[in-house]
Ligand SMILES: [Zn+2]
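Numbering (the numbering used here), first residue to last: 53 to 335.
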């Protein structure tokens, strides 16, 4: 059965095309072909029939999907977007499934499948992809020049609690208020010291800035041991105190965050870059 199938395949190929000069069957050869796509000149591999005797080329083999993918890859390479192959490679290196990458980015799994399969991602989605795939060159704008530390998140929140004199880290409230205090602390620290406090990445969610993937982090933050974190510097403590004095009530920090341009201008789910910390108005 298997042999028969294979034989039929060979036969189909050989019946593809005869050389017009009478040299018999032509063979399929991979050649590079110049095309212009979205205004960019690209060289893409395509399959063509070639005569083994005279070298005459005729008729491109109809493999539309392959060619589309080759164009997409060459185009993305040319305009400095991650190619489908690069996305797959980076994702696998991090042991991420398409689903877990989608979750990291706050997009549907269908988007990941499309980008890996040849759909060209937008510049902003490319940036989000690079961040989610741990590209160091864009890491600074999402971590604020500091390595991400969950114990430090706990430490900063404990510092807020001690200044405010109440608990803000509560189970089951999805850090609705705690995340806003934390966000201000990270952003103000970045603006004034050039470094965030916790290395956290924030997403613009409908109810304000929130830790990116907070659902996966809450449990770990609750369990974290803050004594393992690098102690807060005097400058960092001053920043926490300033924010706490400005927003003594949780509702106040929540409302202030919703007035911040750097949150408002981001589309839903997008990463809020630290580089925008200069635009903070509330503190
Ligand atoms: Zn020929």
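All C-beta atoms in this analysis are idealised placements derived from N, C-alpha and C, irrespective of residue type, glycine included.
So if DSSP puts residue i in a beta bridge, which residue, or which two residues, is it bridged to?
{"i": "residue 254", "result": "263"}
{"i": "residue 83", "result": "98"}
{"i": "residue 310", "result": "Answer is none; residue 310 lacks a bridge partner."}
{"i": "residue 212", "result": "According to DSSP, residue 212 bridges with nothing at all."}
{"i": "residue 89", "result": "92"}
{"i": "residue 324", "result": "Looking at the DSSP assignment, residue 324 forms no beta bridge with any residue, so it has no partner."}
{"i": "residue 77", "result": "70"}
{"i": "residue 110", "result": "101"}
Leaving out the 5 sequence neighbours to the left and right, which residues in its chain are closer than 7 Å to residue i when beta-carbon positions are compared?
{"i": "residue 62", "result": "Low confidence applies to residue 62: its pLDDT is 35, below 50, so where it sits in the model is not reliable enough to give any reading."}
{"i": "residue 153", "result": "143, 164, 184"}
{"i": "residue 207", "result": "278, 281, 284"}
{"i": "residue 264", "result": "253, 254, 255, 323"}
{"i": "residue 406", "result": "No answer is possible for residue 406: the residues shown for the chain start at 53 and end at 335."}
{"i": "residue 245", "result": "287"}
{"i": "residue 131", "result": "92"}
{"i": "residue 64", "result": "Confidence in residue 64 is poor, its pLDDT being 38 and thus under 50, which makes the residue's placement too unreliable to answer from."}
{"i": "residue 237", "result": "208, 249, 291, 292, 295"}
{"i": "residue 330", "result": "243"}
Closer than 6 Å by C-beta to residue i: which residues in its own chain qualify, once you throw out the five before and the five after it? Chain order, please.
{"i": "residue 302", "result": "229"}
{"i": "residue 318", "result": "256, 324"}
{"i": "residue 198", "result": "247, 248, 251"}
{"i": "residue 149", "result": "none"}
{"i": "residue 157", "result": "180, 184"}
List the whole-angstrom C-beta distance separating residue i from residue j, where the pair is believed to meet the contact cut-off of C-beta under 8 Å.
{"i": "residue 240", "j": "residue 332", "result": "7 Å"}
{"i": "residue 202", "j": "residue 269", "result": "7 Å"}
{"i": "residue 98", "j": "residue 108", "result": "At roughly 16 Å, the Cβ-Cβ gap does not stay under 8 Å, so residue 98 and residue 108 are not in contact."}
{"i": "residue 170", "j": "residue 120", "result": "6 Å"}
{"i": "residue 127", "j": "residue 172", "result": "7 Å"}
{"i": "residue 182", "j": "residue 234", "result": "Going by Cβ atoms, the distance from residue 182 to residue 234 rounds to 24 Å, so no, they are not a contact pair."}
{"i": "residue 196", "j": "residue 242", "result": "4 Å"}
Skipping 5 residues on each side, what residues in its chain have a beta carbon closer than 8 Å to that of residue i?
{"i": "residue 221", "result": "206, 209, 210, 213, 227, 230, 273, 274"}
{"i": "residue 293", "result": "215"}
{"i": "residue 57", "result": "Residue confidence for residue 57 is low, a pLDDT of 35 falling below 50, so the modelled location carries little weight; the figure read from the coordinates is stated next. Contacts found: none."}
{"i": "residue 136", "result": "121, 124, 125, 128, 167, 168, 169, 170"}
{"i": "residue 200", "result": "250, 251, 252, 253"}
- request: Would you list the residues whose beta-carbon is nearer than 6 Å to any heavy atom of ligand 1, in the order they occur in the chain?
  value: 71, 73, 75, 103, 105, 106, 108
task: Decide yes or no for the touch test of the region 304–322 against the region 125–145: beta carbon pairs closer than 8 Å, at least 3 of them.
output: no
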